[in-house]
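Residues -16 to -1, 1 to 583 in mature numbering (1 follows the signal peptide of the UniProt record, and there is no 0) are what the sequence shown lists, from first letter to last. We treat Cβ as the ideally placed atom computed from N, Cα and C, and that holds for glycine.
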Amino acid sequence: MLALISLLALISGACALPNAQAAVPAALQSNLAYRSPSLNVRALEIDTGAVFSRKRWANTFSGNLSFPFGVASGDPYSDSAVLWTMPRKVDPEGLYGGNAYPPICLLWVVAPTNSSFKIEDSVQHGYVQTTIDIDFSVKVIADNLKPYTKYYYRFESCEDEPDLGVSPVGSFKTLPAENADVEKLRLAVFSCANYPFGFFNAYGAAASNSDRLDYVQHIGDYIYEYANGAYGDGTALNRIPQPLRECSSLQDYRDRYATYRSDPDLQKLHQVLAWQTVWDDHEVADNTWAHGSADSNDTVQGQIGLNQFSARKANAVRAYFEWMPIRQVETDDKLRIWRTFKLGKLATMIMLDTRQYDRSLTDLYYNTKQVAAVADSSSRSMTGSKQQAWFFDQLKQHQERKATWPLIMQQVVFSRVNYTISTEGSTDFNFDAWEGYRYQREQILQFIKKQKIENTVVLSGDSHASWVFDLVETNSTTYNPATGEGALGVEFAGSAVSSPSSYGHGPSFTDEVYKGIAKGLTLASPSLLYAEGKLRGYFELLVTPKAVQAHYYGFVDQATRNYNVTEMGVFETLLGANRITRPVNSGTVPVYGALGAHL
């Protein structure tokens, strides 16, 4: 097909851009992966004018292509979505062998069914080019689509010759129109997938039940940056992450994403549903905050490999943007991922960044007492003042447009958990979570209370355990754990896809030990209505105009690839109730974990 698409034709569709950019083909400009994750952080963009000027576009790769990382879609709007893939040339020397540098041209097609991907049968199509500069990543926006409609898509080589390379067929659903009345939505919420610790059975199980799901949300820790053996050794399971060292360079992070995206269950879930994602800490490094992490900062002593923290973070963010089906965020400040999705009148999904944007100093393991001592300080912030102001404004807009459920997606556990009985912790609280930022947490709860924000649902990850809470002011004198009276909303926090339990793990951790820890945690934490730490898994959120239900799913075995799923419990909040429905879990005693001790 490229023979029919002359270089002149490619250039004729060029965007109207200044100077050297003006001559860049539209097929190159349409690839979002060249751009910076944030519009005004120009240092992270790839200059397509420079790329075009040094490439011989007549020599665009004309051989066989493969799609070893599958396809993905993400950040759906009511009229558009991001489509992603990453082709590789195939030659006798192997998938990555030979001359990997010629540019690649792909045709992408969006169709109403999966029976035909001819251009004349499509609803949208286009041509896109990619180069080694962005690891041959391809990200395009398919627009002018209908609201709340399922579409199918695929990529193929631009060449005339058949069978030179066709991607798997992907599917996605656009969001409902902003003011549409929606009967129900079902979301799958994930966090914390550690490749060497075990198989991604949670992803596979959700993919096998994708017909009941609308969208996927990933709250963070999509990858882990550690060297193999530092936090999980994949040797026995043949799940050794690349590179073997801890990630710090751009190529390190690219290779780590390539390892994760080679997993068939992760690939399949990306293929069948659109994702909305946000990062936590391990997309960069452990326990990151605005200016460092547990093992890196901007000093010579604090660099990993050849990269100090700021450079390391820039590399990580660049790789994230290349590999994830995420849009640029319209912003006038530094790197930002926080954004909002309007799910008709049914819900507003507000995605916060409580980790990378502007977080105050966190618990770095060696400074726990220092952080604990200032946990109540008004100067400490999980989000930074600018993001908090934006967050409050989003809640007001949600209220003004008379939508029903504000779904607040953020990384770390929001509610208070007293870890006094924890077998691993030496302190009573996790100061890397919101417990280390108590003043701001109370500000948020007071805003919800004073503004009369109804039906608030907080969604969390990070902790590698399952939790269900009523949202309660820290020193509330009106909250009744038995009835939920006095609560301001609810929190659902999910377990990890494969990362090990925060309760502890190993042969000594029997079912009885896990259950005992869960019971102790609920006893010490009155607003904690369910705790479970043994099973890895995820939860699905069923959202209707009258209720939100969280269905918690768990997996006992991560050492084999299987979809032997257990429904651990179903927890509900009713319209206008602002608390978990009693009896909790319909009064059923769960097989795993423990219900609140104060019920």
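Outcome for residue i when other beta-carbon atoms lying within 10 angstroms are tallied against a minimum of 16
i: Asp195; result: exposed
i: Gly560; result: exposed
i: Thr461; result: exposed
i: Arg435; result: Looking at the sequence shown, residue 435 is not Arg but Gln. Classification of Gln435: exposed, given that the 10 Å Cβ count is below 16.
i: Ile392; result: buried
i: Thr97; result: exposed
i: Pro76; result: At Pro76 the pLDDT is 48, less than 50, meaning the model places this residue with poor confidence; the figure from the coordinates comes in the next sentence. The residue is exposed, with fewer than 16 neighbouring Cβ atoms inside 10 Å.
i: Ser100; result: exposed
i: Ser444; result: buried
i: Ile103; result: exposed
i: Val573; result: exposed
i: Ser369; result: exposed
i: Arg323; result: buried
i: Gly577; result: buried
i: Ala357; result: exposed
i: Ser232; result: buried
i: Asp377; result: exposed
i: Leu228; result: exposed
i: Asn459; result: exposed
i: Arg400; result: buried
i: Tyr349; result: exposed
i: Asn163; result: exposed
i: Glu496; result: exposed
i: Lys130; result: exposed
i: Asn222; result: exposed
i: Glu430; result: The residue asked about is misnamed: residue 430 is Gln in this sequence, not Glu. It counts as exposed.
i: Tyr498; result: buried
Rounded Cβ spacing between residue i and residue j (contact assumed at less than 8 angstroms)
i: Asn351; j: Ser509; result: No, Asn351 and Ser509 are not in contact; Cβ-Cβ is about 24 angstroms, not under 8 angstroms.
i: Thr158; j: Tyr241; result: Going by Cβ atoms, the distance from Thr158 to Tyr241 rounds to 26 angstroms, so no, they are not a contact pair.
i: Asp525; j: Asp454; result: It should be pointed out that residue 525 corresponds to Leu in this sequence rather than to Asp. Not really, about 17 angstroms apart at Cβ, beyond 8 angstroms.
i: Thr338; j: Gln394; result: 5 angstroms
i: Glu234; j: Ala303; result: According to the sequence as given, residue 234 is Leu; it is not Glu. That pair is a contact at about 6 angstroms.
i: Val481; j: Tyr132; result: Not really, about 28 angstroms apart at Cβ, beyond 8 angstroms.
i: Thr388; j: Pro160; result: About 12 angstroms separates the two Cβ atoms, so there is no contact after all.
i: Gly521; j: Ser486; result: Rounded, the Cβ-Cβ distance is 14 angstroms, inconsistent with contact.
i: Val442; j: Glu475; result: 4 angstroms
i: Asp63; j: Asn128; result: 6 angstroms
i: Tyr547; j: Ser192; result: 6 angstroms
Residues sharing a beta bridge with residue i, DSSP
i: Phe453; result: Glu475 and Leu512
i: Gln113; result: Cys89
i: Gly154; result: Tyr137
i: Ala331; result: Leu327 and Trp389
i: Val442; result: Ile392 and Glu475
i: Lys73; result: Leu49
i: Tyr537; result: Tyr522 and Glu551
i: residue 639; result: Since the first and last residues shown for the chain are -16 and 583, residue 639 lies out of range.
i: Val355; result: DSSP, once it has assigned bridges, lists no residue as partnering Val355.
i: Ala126; result: Ala65
i: Ser57; result: Leu67 and Ala258
i: Leu169; result: Val527
i: Asn291; result: Ile288
CA nearest to the CA of residue i, picked from the options
i: Asp31; options: Phe476, Asn15 and Asn163; result: Asn15
i: Phe45; options: Phe375, Ser450 and Ile116; result: Ile116
i: Ala477; options: Phe174, Ser64, Asp59 and Glu167; result: Phe174
i: Leu579; options: Lys530, Gly488, Ala466 and Arg545; result: Ala466
i: Asp147; options: Gln226, Gly47 and Ala177; result: Gly47
i: Thr219; options: Asp446, Phe555, Pro180 and Gly204; result: Pro180
i: Ala449; options: Gly571, Tyr537, Gly276 and Arg223; result: Tyr537
i: Ala95; options: Cys89, Gly488, Ala534 and Asp105; result: Asp105
i: Cys176; options: Asp270, Tyr547, Asp347 and Ala258; result: Asp270
i: Val35; options: Leu49, Ala27 and Tyr18; result: Tyr18
i: Asp360; options: Ile203, Tyr423 and Pro484; result: Tyr423
i: Ala65; options: Ser20, Arg72 and Val93; result: Val93
i: Val262; options: Gly276, Asp205, Glu230 and Val256; result: Asp205
i: Asn414; options: Arg72, Ser37, Ala534 and Lys353; result: Lys353
i: Leu379; options: Tyr137, Met335 and Ala543; result: Met335
i: Gly33; options: Leu90, Gln13 and Ala417; result: Gln13
i: Val107; options: Pro484, Tyr136 and Gln201; result: Tyr136
i: Ala274; options: Gln260, Lys297, Glu267 and Ile288; result: Lys297
Residue-chain proximity (residue i, chain D), Cβ-Cβ < 8 angstroms
i: Asp195; result: This model lacks chain D altogether; it includes just one protein chain.
Any 3 or more C-beta pairs closer than 8 angstroms across the stretch 213 to 220 and the stretch 275 to 291: no
Decide yes or no for the touch test of the stretch 112 to 125 against the stretch 297 to 311: beta carbon pairs closer than 8 angstroms, at least 3 of them. yes
Touching or not, the stretch 95 to 115 and the stretch 288 to 298, by the rule of three or more beta carbon pairs under 8 angstroms? no
Quick test of the definition: if touching needs 3 or more C-beta pairs under 8 angstroms, does the stretch 536 to 552 touch the stretch 463 to 475? no
Three Cβ pairs or more, each shorter than 8 angstroms: is that satisfied between the stretch 324 to 331 and the stretch 340 to 347? no
Segment contact flag, the stretch 197 to 210 with the stretch 163 to 171, C-beta cutoff 8 angstroms, min 3 pairs: yes
For the stretch 241 to 251 and the stretch 50 to 64, state whether three or more C-beta atom pairs, one from each stretch, are separated by less than 8 angstroms. yes
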